[in-house]
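Here the structure comes first, spelled out in structure tokens, and everything after it is commentary.
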Amino acid sequence: MFPQPIQKAGRFTNISYRVALPISIVMWLLPLIAVMMTSIRSMDDINKGNYWGWPSEIQFIENYTQVFTSTSMGQYLINSLIITLPAVAGAVALSTLAGYALAKYNFKANVWIFAMFIAGNFVPFQILMIPVRDLTIGLGLYDTHWALIFFHIAFQAGFCTLFMRNFIVGIPDALIEAARVEGVSEWKIFWHVVLPLVRPALAALAVLVFTFIWTDNNMKQDFASAAPAMTVNGKQFGVPYTYYQWGIYYRKDIFEQYGIAEPKTWDDLKSASATLKENGVAPFAIGTKYLWTAAGWFDYINMRTNGLDFHIQLMEGKVPYSDERVKKTFANWAELVEPGYYLENHASYSWQEAQPFLYNGKAAMYLMGNFITPNFPAELDGKMDFFQFPVIDPSIPMSEDAPMDTLHIPSKAKNKEDARKFLEFVARAENQQLINEMLLQIPTNNKAKAKSDPFLDKGVAMLASTDGTAQFYDRDTDPAMAKEGMKGFQEFMVHPDRIEKILKKLDKVSKRTFK
């Protein structure tokens, strides 16, 4: 009734095994090979769709340095090892002992116990998650490494015992009986006779279980791309539920009217702006009464001029605003401010009050987040479009503003247990999908799908290929710095000649804030 060694099977089974095994190995390894090859490719290679060919340029050191310096990948790997290694050791050790007992000891309940181990393999682990969670809370192990370690040992026990039992069955009984006749204890028989003969099985099982546990689908993997936004010192402090792209929304019909192509570079954007202004159309709608809209322009021009890493250093107070690179950002920005490419009197409008200028054709573009799209009038269907903020310096990787909204439990909350249940509920893929369909935004759970929408589709594709994301100026820097910084941005857009005074003031605020 139980699986028999392949050597004892028939000719057809033997041939099928020898054919299926190499095919299975190739299929198993292909995704790994593709991932490894992709990890050393340049972004140009990836954008061209070169996934299987030899990389045109190998960037092993650059890519891996960026991963380990700009993300918490090192901490994730350490946490995975802390959980995986003891879980593998525990599962293999217990299953080898159980497999030996079931294979070589004859007792009444042998078949029934073995049947229970087999049946356990057909129970989806999702069914066990809530009971196991309640059990770990009762044992005082909730939110610890040990909770995950014990869970994995228990869950892998059925498969591992089946695996080891079927291997140990092949050990001749005569070897064990001979040892018993010589007076060798049962423990020594197991240690000195059985274990040396099952080393190949132990190695194979350890690798297999290591793979199962390492790649186990849990919340951290579901939110792999979102994790950095909620991570401080390697620990997660919230559950993200939505994010959205920023970019330039524009009147496609106005562009077509004046023969303007979608801008790809900074020069393209300036040329398009000049054409629009010559024809009496404000290139950019904007309302800076509430300041934060100007910060979007600073974010993008600074990231396109100096890169994301420099931008984050500036946000953290590690670089002064008087730095020449920051001045270069404002010099680029001035190329749009000084010719008057922004909506007149923008400081008197909120971001909502500036929208009608886009809709009535008095303005042609609006740098904004995707939350603006539900406001588009029905009569503009097919006339609105979206493009990525253009390249300023081709040597600078393309990064985007993609603010993420998260939910948190206050440290002094009275009912943390139910709060955790609520966060688990919000984190589920199906719930995130419903929430974001209503918001017209992108779910953070990798398993949830964004609603099919022309603007969201472009945003998802853009963010999938970006080199990195920022949260937005007033989220990435200290609130005190953000308040004064955004005042300075608005002042610059109205009085660009005051740039030196503005930067001097922002320097003082930065030094005071980040001392």
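Every letter in the sequence shown is one number past the one before it in UniProt numbering, and letter 268, counting from 1, is 268. A virtual CB, placed ideally from N, CA and C, is assigned to each residue, including glycine.
Endpoints, the alpha helix (DSSP H) within which residue i is located
i	result
R251	Looking at the DSSP string, R251 is not in any alpha helix (DSSP H); the run it does join, the beta strand (DSSP E), is 246 to 251.
P479	479 to 494
T513	499 to 513
V337	324 to 337
F155	145 to 168
T275	266 to 278
Nearest neighbour of residue i, chosen from the options [CA to CA]
i	options	result
M438	L269, W351, Y243, Y321	Y243
F455	I372, K505, P410	I372
Q471	A274, E400, F514	E400
S80	W146, Q313, D467, Y105	W146
A464	L141, F114, F122, I442	I442
A154	P131, Q352, V35	P131
V391	A294, I137, T466	T466
T84	V207, K188, Y249, A413	V207
L291	V67, P86, W52, G485	G485
A448	A429, F60, G369	A429
residue 525	Y300, L32, R133, V460	This structure does not reach residue 525, given that the chain is present from 1 up to 515, and the question cannot be answered.
G247	Y100, F389, G468	F389
D385	L202, P496, G459, V123	G459
T288	E344, Y300, I254	E344
Own chain residues within Cβ distance below 6 Å of residue i, not counting five before or after
i	result
N217	The predicted model places N217 with a pLDDT of 43, which falls under 50 and marks its position as unreliable, so this point remains unresolved.
Own chain partners of residue i with C-beta closer than 7 Å, once the 5 adjacent residues on each side are dropped
i	result
F2	Confidence is the limiting factor: at F2 the pLDDT is only 49, short of 50, which leaves the residue's position unreliable and the question unanswerable from this model.
V169	A103
K416	I409
Outcome for residue i when other beta-carbon atoms lying within 10 angstroms are tallied against a minimum of 16
i	result
R41	buried
R304	buried
Q432	buried
V194	buried
H152	buried
R492	Residue identity differs from the one stated: residue 492 is Phe in this sequence, not Arg. Classification of F492: buried, given that the 10 Å Cβ count is 16 or more.
W54	exposed
Y366	buried
A115	exposed
Q257	exposed
S95	buried
Q352	exposed
L21	exposed
E500	exposed
F425	exposed
Start-to-end residues for the beta strand (DSSP E) that takes in residue i
i	result
M404	404 to 407
F386	384 to 387
Y300	No beta strand (DSSP E) contains Y300, which is instead part of the alpha helix (DSSP H) from 292 to 306.
M365	363 to 369
P283	282 to 284
V426	Looking at the DSSP string, V426 is not in any beta strand (DSSP E); the run it does join, the alpha helix (DSSP H), is 416 to 427.
T242	239 to 243
Cβ distance (whole Å) where residue i is taken to contact residue j below 8 Å
i	j	result
A364	R251	5 Å
P283	S271	Contact flag wrong, Cβ pair sits at about 11 Å.
F117	T161	5 Å
Y321	S510	6 Å
P91	V209	Per the sequence presented here, residue 91 reads as Ala, with Pro not at that position. With a Cβ gap of about 5 Å, A91 and V209 count as contacting.
Close Cβ partners of residue i (< 8 Å) along its chain, the five nearest in sequence each way excluded
i	result
D405	P240, Y241, T242, Y243
I502	G488, E491, F492
D478	G317, T513, F514
Proximity test, Cβ basis, 9 Å: residue i and chain D
i	result
V460	Protein chains in the displayed structure number just one, and chain D is not present.
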